[in-house]
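Encoded as structure tokens, the structure appears first; notes follow it.
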């Protein structure tokens, strides 16, 4: 018999790669576009990818008991999975593409050597999914940790963006230093336009996780997609009809097993009756590399069962129980009882409980923040709030006429606001530390905080004080006095305070409008009314 | 030639020399021109015309840097930044005078792109053909300022690489220096810890003004900020003055600007320091001022 690979599936494989490139480029393009566009509002929905993610939709809708309409688009992905299986994993998912790329590299480098009969169980991702969904029932949203889009975007926002910034600025200064002024200027101005944020605390942590996940591809092809991805598991569960069925022509098959060895996701094409349809991502590799073109994917209507995944009822039940016990552990945190002063949420953020139930830790807001002030939380918001956005005024303040973070939040954890509405939102309150403030402590003039206060009339007012110096001289500089009613907590005062290490004026979350508990001045209705 | 003719011609030519019309005695050009009117662009042009025209300051093939105040993310109605039409007129005039390139830039306080957009300066300057640049950190260079207080400071090299600098501040109140006019505008040409200069703000302003030495200062007082300075926030914090002041003497320009805020130049420390430093005249009585209304 003549040995010849299938041309048709060869082309289809290329088409799949093209599709991956297009979707990844789109993802990256939208990522780069997520910065101040030169006007107050985005014309494109830069966060669109997230709306098609069914895991995020389920976890946030169940977790918060609020239906965010845009997330219903993920229904399209689910319906597609119902009839086309996990093709989204193979053709669309940008993280899948990244993994595919690195697996390819590791294979070429000879580091990754696929085995004939891989015995590693594919169950973990289903159990991860179970934990996420059960936790969501108990109003705990864990989807953000391991959702592929959240993971990728967060890693890009917090880790890749600073890297790009570094590359741009370093090559810019290199160009300047060797006399290529126009190139240096081009790079410098581009950087000013793109505003790639470059400072993130715990960027190393998030970056190392990302690199770790990529390195796993050296062990098993698409390790993440096979064993860990909860969204992949969800799509696997929805792969119930898979209109395109794997078929192996027994007359052509030489039982070389190449298809199963090279399968990206361990879906075992051979023998065809054991094909794990819920694992197949329709990458077309098997059909394309089959030396005798024995593999095809003809259209056929037949219900599918989950095969090759030992997902026993007992395992699911045990995992669910684990999740039930896990939930309170995530929620045992002092921040539930008393707000952390450092937990300054972006303007428009929902009350903390709802916010945590909706935030998927994707990092869109951190990417778009023009001052780099929004940072991934470490401990400020308790274990469930890891990597949720928190404003760190020392790094960047909340820009007065900016509502971009409220526009890009894909789940509505940050409510969309107009610029006008945003300027009215109080996210915290500024406090003067008289022990460090130049006029109070040293009798020196300053007023920098007052100068920068964006509110009119200014929330930082100036009073004439008297400071006695050791020489017995009385200095009478102007000193700041914060009006807590008009202060919006934007933090520009803290950011610009010349006492750099520990600013003499700091913003804490108290007084934040979204909270009923974290209030400062008690306002009793009718207080001002005449008796 | 006969002797008589010779004498005659000698006499005639001598007469011709004697009667050659003398150059019309021109009054000296003003040091300060003040133009008032409805259109910011028209009064800017008028102020320069009165001052002797842009060609007095910009020569052919000059590289010119126009330094407006674009420090804040505010619209022109807030009077926190220089009026875009004033900047546009200056860029146009610089090109008309033969400038090779006109650069417009400022080291902003809010995000640069926002300030450039919302102030309207970027668009206006670009339309007039200027190159509008963001201040780049990597272009900062430590420079000997040789000031009284500021011995050295980091300055954007763009300011050092041009032939001419035109300073275009906007008139605003300030809690420390009381007003921010031309001299304070230089804080936008430098990097470093600018917020520490407030500890001796008046001296800093003078040290910087002595270093930068603009060819021309054009103070935008079309709309001034009289309250909640230096960024305002409400239109009610501003007042329409519909005036542009142009001058070669940066101290005199600021001294004139102070009068919009009902301040006497003598009340302002930085003017006194600047005068003592020999940067210009702070006593308006001694300044040749010409006022126009258009």
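Protein chains in written order, with my numbering: chain A, 252 to 782; chain B, 1063 to 1356.
Using N, Cα and C, we set each Cβ at its ideal position, and we do this for glycine too.
Against chain A, with Cβ distances strictly below 8 angstroms, would residue i count as a contact?
| i | result |
| --- | --- |
| residue 1139 of chain B | no |
| residue 1175 of chain B | yes |
| residue 1265 of chain B | no |
| residue 1295 of chain B | yes |
| residue 1117 of chain B | no |
| residue 1286 of chain B | no |
| residue 1196 of chain B | yes |
| residue 1238 of chain B | yes |
| residue 1255 of chain B | yes |
| residue 1169 of chain B | no |
| residue 1179 of chain B | yes |
| residue 1324 of chain B | no |
| residue 1290 of chain B | yes |
| residue 1200 of chain B | yes |
| residue 1258 of chain B | yes |
| residue 1269 of chain B | no |
Could you tell me the distance, in whole angstroms, from the CA atom of residue i to the CA atom of residue j?
| i | j | result |
| --- | --- | --- |
| residue 484 of chain A | residue 1164 of chain B | 60 angstroms |
| residue 365 of chain A | residue 496 of chain A | 24 angstroms |
| residue 693 of chain A | residue 1262 of chain B | 14 angstroms |
| residue 628 of chain A | residue 641 of chain A | 6 angstroms |
| residue 766 of chain A | residue 330 of chain A | 39 angstroms |
| residue 772 of chain A | residue 724 of chain A | 37 angstroms |
| residue 1281 of chain B | residue 712 of chain A | 28 angstroms |
| residue 592 of chain A | residue 760 of chain A | 5 angstroms |
| residue 1303 of chain B | residue 1285 of chain B | 6 angstroms |
| residue 1256 of chain B | residue 1249 of chain B | 7 angstroms |
| residue 1139 of chain B | residue 431 of chain A | 40 angstroms |
| residue 296 of chain A | residue 428 of chain A | 40 angstroms |
| residue 594 of chain A | residue 679 of chain A | 9 angstroms |
| residue 1136 of chain B | residue 1346 of chain B | 32 angstroms |
| residue 1269 of chain B | residue 272 of chain A | 56 angstroms |
| residue 1147 of chain B | residue 1213 of chain B | 36 angstroms |
| residue 1151 of chain B | residue 1306 of chain B | 12 angstroms |
| residue 492 of chain A | residue 336 of chain A | 7 angstroms |
| residue 1198 of chain B | residue 1238 of chain B | 28 angstroms |
| residue 635 of chain A | residue 625 of chain A | 18 angstroms |
| residue 606 of chain A | residue 392 of chain A | 10 angstroms |
Give me whichever residues DSSP pairs with residue i in a beta bridge.
| i | result |
| --- | --- |
| residue 1297 of chain B | Its beta-bridge partners do not exist; DSSP assigns none. |
| residue 759 of chain A | A/680 |
| residue 1215 of chain B | B/1205 |
| residue 1229 of chain B | B/1129, B/1279 |
| residue 1353 of chain B | B/1096 |
| residue 1242 of chain B | B/1234 |
| residue 207 of chain A | The question about residue 207 of chain A has no answer, for chain A in this structure spans 252 to 782. |
Taking CB distances under 8 angstroms as the criterion, tell me whether residue i reaches chain B.
| i | result |
| --- | --- |
| residue 701 of chain A | yes |
| residue 698 of chain A | yes |
| residue 669 of chain A | no |
| residue 283 of chain A | no |
| residue 658 of chain A | no |
| residue 654 of chain A | no |
| residue 691 of chain A | no |
| residue 411 of chain A | no |
| residue 588 of chain A | no |
| residue 683 of chain A | no |
Would you please state the rounded distance, in angstroms, between the beta carbons of residue i and residue j? I believe it to be under 8 angstroms.
| i | j | result |
| --- | --- | --- |
| residue 1207 of chain B | residue 1273 of chain B | 5 angstroms |
| residue 656 of chain A | residue 597 of chain A | 5 angstroms |
| residue 468 of chain A | residue 363 of chain A | 7 angstroms |
| residue 322 of chain A | residue 302 of chain A | 6 angstroms |
| residue 216 of chain A | residue 282 of chain A | Because residue 216 of chain A is not part of the residues shown, which for chain A are 252 to 782, the question remains open. |
| residue 373 of chain A | residue 530 of chain A | 6 angstroms |
| residue 660 of chain A | residue 616 of chain A | 6 angstroms |
| residue 517 of chain A | residue 369 of chain A | 5 angstroms |
| residue 1309 of chain B | residue 1142 of chain B | The Cβ separation is near 23 angstroms, so there is no contact. |
Uninterrupted alpha helix (DSSP H) stretches inside the stretch 364 to 406 of chain A (no shorter than 4 residues):
375 to 388, 394 to 397, 399 to 406
Which ranges would you report for the alpha helix (DSSP H) in the stretch 652 to 697 of chain A if only whole runs of at least 4 residues count?
655 to 659, 670 to 673
Quick one: complete alpha helix (DSSP H) runs, 4+ long, within the stretch 495 to 561 of chain A?
509 to 513, 536 to 540
Run through the stretch 1308 to 1348 of chain B for me and flag every whole alpha helix (DSSP H) of 4 or more residues, listed as ranges in chain order.
1312 to 1320, 1331 to 1338
Fully enclosed by the stretch 1115 to 1200 of chain B, which beta strand (DSSP E) runs are 3 residues long or longer?
1125 to 1130, 1163 to 1168, 1193 to 1196
Sequence ranges, beta strand (DSSP E) only - wholly within the stretch 437 to 503 of chain A, length at least 3:
none
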